[in-house]
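What follows is a single structure, written as structure tokens, with notes after it.
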Amino acid sequence: LGPQETSLLRSLGLSAKPSPRSPAPVPPVLWRIFHKRRTLPRPEAAPEPCRVEEFNVPGNIVRVFADQGRFLPAGQPQGRLCLRKLLFFNLSALEEGERPTLAQLELRFQHSSYHGPSPGRVLELRLYRASPRGLPQPGRAPLLERSLVQLRKSLVFELSAALSGRAVPPGRDSLALVLEMSESGGPGGPCGSSDAFAAASLLLVTLGRQCRAGRGRR
Amino acid sequence: SAPSPAGTPSPLCKPRRLYISFSDVGWENWIIAPQGYLANYCGGECPFPLAAELNSTNHAVLQTMVHSLDPQGTPQPCCVPVRLSPISILYYDNSDNVVLRHYEDMVVDECGC
Numbered sequence: 143l144g145p146q147e148t149s150l151l152r153s154l155g156l157s158a159k160p161s162p163r164s165p166a167p168v169p170p171v172l173w174r175i176f177h178k179r180r181t182l183p184r185p186e187a188a189p190e191p192c193r194v195e196e197f198n199v200p201g202n203i204v205r206v207f208a209d210q211g212r213f214l215p216a217g218q219p220q221g222r223l224c225l226r227k228l229l230f231f232n233l234s235a236l237e238e239g240e241r242p243t244l245a246q247l248e249l250r251f252q253h254s255s256y257h258g259p260s261p262g263r264v265l266e267l268r269l270y271r272a273s274p275r276g277l278p279q280p281g282r283a284p285l286l287e288r289s290l291v292q293l294r295k296s297l298v299f300e301l302s303a304a305l306s307g308r309a310v311p312p313g314r315d316s317l318a319l320v321l322e323m324s325e326s327g328g329p330g331g332p333c334g335s336s337d338a339f340a341a342a343s344l345l346l347v348t349l350g351r352q353c354r355a356g357r358g359r360r
Numbered sequence: 145s146a147p148s149p150a151g152t153p154s155p156l157c158k159p160r161r162l163y164i165s166f167s168d169v170g171w172e173n174w175i176i177a178p179q180g181y182l183a184n185y186c187g188g189e190c191p192f193p194l195a196a197e198l199n200s201t202n203h204a205v206l207q208t209m210v211h212s213l214d215p216q217g218t219p220q221p222c223c224v225p226v227r228l229s230p231i232s233i234l235y236y237d238n239s240d241n242v243v244l245r246h247y248e249d250m251v252v253d254e255c256g257c
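Protein chains in written order, with the numbering used here: chain B, 143 to 360; chain P, 145 to 257.
Structure follows, in structure tokens:
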């Protein structure tokens with residue numbers, strides 16, 4: 143297939159034929175969107191090609207990036223710091239000119255049942271923009287702060303502000319965040335949340351060039 | 145894989161069945177879904193006089209007329225897609241991210257001259 147395959151892959155937005163080494167499970171939301179589109183009677187009812195109705199945002203590409211960051215030393219524990227982790231997302235797959243229209247961070251925890259902090263205590267969650275080496279940008283307010291009385295198996299946060307909707311400039315091919323979780327209130331107790339943390343992923347909807355430049359024919 | 149034509153297929157321009165199986169082209173290890181899809185293609189002739197159902201342009205009508213006067217010098221018009229549909233593909237990209245992407249013009253719905 144050689145050159146034909148290469149040119150076809152490029153028109154599909156791929157630099158080379160992917161060969162997944164450690165394929166992650168497909169997030170249920172992507173299966174839902176995929177199956178919904180497949181079962182639509184074609185072609186009259188086809189959804190608007192440059193919109194993701196499930197999120198009600200413009201876009202024709204939905205990607206899920208797996209976190210590649212590491213746990214960070216607690217440093218100066220403020221309150222009862224249970225967990226400090228660099229969340230690092232390699233965005234190099236984005237093509238120049240793609241414009242993010244939605245970014246959702248998902249944090250997944252081990253416990254299938256609800257697992258709260260100790261009674262009378264509150265779990266606090268903060269998210270900072272960081273350098274790829276995992277250093278929070280000094281003086282910057284947290285991107286996100288939440289107090290949780292109960293920890294759920296999956297927490298989803300809207301992060302579109304972190305990518306501020308403009309086209310991803312060439313070379314800006316990663317997003318680094320520092321996640322801190324601490325417990326405050328009541329008598330001390332083991333921080334259940336730190337060992338409960340399982341994984342994080344970033345769902346990104348983007349508007350590709352072909353959508354932004356109208357319907358270019360190849 | 146285009147099926148062997150049952151009976152004598154119409155010689156006129158129209159969509160012909162073509163199922164593309166991604167495993168046939170060696171893409172099954174990175175395309176999660178679908179495993180293949182009905183892409184179809186346009187096949188058949190655009191003879192003079194162009195019948196009404198052949199979805200033809202004015203230019204094609206004139207070209208068939210000239211072709212009937214001068215078959216060696218002017219070819220018949222081509223049979224090409226005039227309406228296509230998109231499909232969505234779920235796949236792993238070069239960084240093992242899971243991607244759901246919407247691709248335009250992937251299925252031939254209608255052909256014309």
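All C-beta atoms, glycine included, are put in the ideal place defined by N, C-alpha and C.
Given the structure is predicted, the values throughout are model-derived calculations rather than measurements.
Taking only beta-carbon atoms, is Glu-276 of chain P less than 9 Å away from chain B? Because chain P is modelled from 145 through 257, residue 276 of chain P falls outside the range shown and cannot be assessed.
I want to know whether the stretch 167-174 of chain B touches the stretch 216-223 of chain P - three or more CB-CB distances under 8 Å. no
Is the Cβ-Cβ distance between Cys-92 of chain P and Asn-202 of chain P less than 9 Å? Examination of residue 92 of chain P is not possible in this model, given that chain P is present from 145 through 257 alone.
Boundaries of the alpha helix (DSSP H) in which Val-210 of chain P is found, first to last residue: Taking the first residue of the second sequence as position 1, residue 210 of chain P is located at position 66. Residues 202-213.
Is there a C-beta anywhere in chain B that falls below 9 Å from the one on Val-242 of chain P? Along the second sequence, read from residue 1 onward, the residue named residue 242 of chain P stands at position 98. For Val-242 of chain P, the answer is yes, since a Cβ of chain B falls inside 9 Å of its Cβ.
Grouping DSSP H, G and I as helix and E and B as strand, with all else coil, what is Thr-218 of chain P? Position 74 of the second sequence, counted from the start, is the residue given in the question as residue 218 of chain P. Note: Thr-218 of chain P maps to coil in three-state DSSP.
Interface positions of the stretch 201-214 of chain B facing chain P (Cβ-Cβ less than 9 Å), listed along the chain: Residues of the stretch 201-214 of chain B with a C-beta less than 9 Å from any C-beta of chain P: Gly-201, Asn-202, Ile-203, Val-204, Arg-205, Val-206, Phe-207, Ala-208, listed in chain order.
Partner residues on chain B for Arg-161 of chain P, Cβ-Cβ distance less than 8 Å: Indexing the second sequence from 1 puts residue 161 of chain P at position 17. The premise fails here: Arg-161 of chain P is roughly 15 Å from chain B at the closest Cβ pair, so nothing lies under 8 Å.
Whether or not the stretch 239-253 of chain P and the stretch 232-239 of chain B are in contact is what I'm after, with contact meaning three or more pairs of Cβ atoms, one per stretch, closer than 8 Å; do they touch? yes
CB Leu-247 of chain B to CB Val-320 of chain B, shorter than 9 Å? On the first sequence, position 105 is the one that residue 247 of chain B refers to. On the first sequence, position 178 is the one that residue 320 of chain B refers to. It is not a contact, given that the beta carbons lie outside the stated cut-off.
Can you tell me whether DSSP reads Pro-145 of chain B as helix, strand or coil? Translated into the one-based positions of the first sequence, residue 145 of chain B becomes position 3. It is helical.
So the beta strand (DSSP E) Lys-158 of chain P belongs to, where does it begin and stop? The residue labelled residue 158 of chain P in the question sits at position 14 within the second sequence. First-last of the beta strand (DSSP E) with Lys-158 of chain P: 158-160.
Identified DSSP bridge partners for Ala-166 of chain B: In the first sequence, residue 166 of chain B corresponds to position 24, counting from 1. None; Ala-166 of chain B has no bridge partner.
Within 10 angstroms of the Cβ of Pro-312 of chain B, are there 16 or more other Cβ atoms? Answer buried if so, exposed if not. Position 170 of the first sequence, counted from the first residue, corresponds to residue 312 of chain B. Residue confidence is low: Pro-312 of chain B scores 49 on pLDDT, short of 50, so the model does not pin down where it sits. Its coordinate-derived value is still stated next. Its Cβ having fewer than 16 others within 10 Å, Pro-312 of chain B is exposed.
Contacts around Ser-161 of chain B, its chain only, beta-carbon distance under 8 Å, and the 5 residues preceding and following it disregarded: In the first sequence, the residue the question calls residue 161 of chain B occupies position 19. No residues qualify anywhere along the chain.
Measure how close the beta-carbons of Ser-229 of chain P and Asp-253 of chain P come, nearest whole angstrom, since I'm counting them as under 8 Å. Residue 229 of chain P sits at position 85 when you count from the first residue of the second sequence. Residue 253 of chain P sits at position 109 when you count from the first residue of the second sequence. Yes, they are in contact, since the Cβ atoms of Ser-229 of chain P and Asp-253 of chain P sit about 5 Å apart, within 8 Å.
Quick test of your reading: Val-204 of chain B and Leu-345 of chain B, contact by CB under 8 Å. State the CB separation rounded to the nearest angstrom. As a working mapping, residue 204 of chain B is identified with position 62 in the first sequence. As a working mapping, residue 345 of chain B is identified with position 203 in the first sequence. About 7 Å separates the two Cβ atoms, so the contact holds.
How about Ala-318 of chain B and Arg-275 of chain B: are their beta carbons less than 9 Å apart? Indexing the first sequence from 1 puts residue 318 of chain B at position 176. Indexing the first sequence from 1 puts residue 275 of chain B at position 133. The answer is yes: Cβ separation under 9 Å.
Looking only at C-alpha atoms, which of B:Thr-181, B:Leu-349, B:Leu-277 sits nearest to Phe-213 of chain B? Against the first sequence, residue 213 of chain B aligns to sequence position 71. Of B:Thr-181, B:Leu-349, B:Leu-277, the residue nearest in Cα terms is B:Leu-277.
Taking all protein chains shown into account, do 16 or more other C-beta atoms lie within 10 angstroms of the C-beta of Arg-268 of chain B, making it buried, or fewer, making it exposed? Position 126 of the first sequence, counted from the first residue, corresponds to residue 268 of chain B. The residue is buried, with at least 16 neighbouring Cβ atoms inside 10 Å.
For Ser-289 of chain B, the first and last residue of its enclosing beta strand (DSSP E): Position 147 of the first sequence, counting from 1, holds the residue named residue 289 of chain B. Annotation: the continuous beta strand (DSSP E) that includes Ser-289 of chain B extends over 286-290.
Along chain P, in chain order, which residues have C-beta atoms closer than 8 Å to that of Phe-176 of chain B? What you label residue 176 of chain B is simply residue 34 of the first sequence in a count that begins at 1. What Phe-176 of chain B touches in chain P: Ala-177, Ser-232, Leu-234, Leu-244.
Between the alpha carbons of Gln-352 of chain B and Arg-226 of chain B, how many angstroms are there, rounded? Here residue 352 of chain B is taken as the residue at index 210 of the first sequence, counted from 1. Here residue 226 of chain B is taken as the residue at index 84 of the first sequence, counted from 1. Rounded to the nearest angstrom, the two C-alpha atoms are 40 Å apart.
Nearest chain P C-beta to Ser-164 of chain B closer than 9 Å, yes or no? For the purposes of this step, residue 164 of chain B is taken as the residue at position 22 of the first sequence. With 9 Å as the cut-off, Ser-164 of chain B counts as an interface residue toward chain P.
Beta bridge counterpart(s) of Pro-242 of chain B as assigned by DSSP: By 1-based counting over the first sequence, the position of residue 242 of chain B is 100. Looking at the DSSP assignment, Pro-242 of chain B forms a beta bridge with B:Thr-348.
Range of the contiguous beta strand (DSSP E) that encloses Pro-230 of chain P: Taking the first residue of the second sequence as position 1, residue 230 of chain P is located at position 86. For Pro-230 of chain P, the enclosing beta strand (DSSP E) begins and ends at 224-236.
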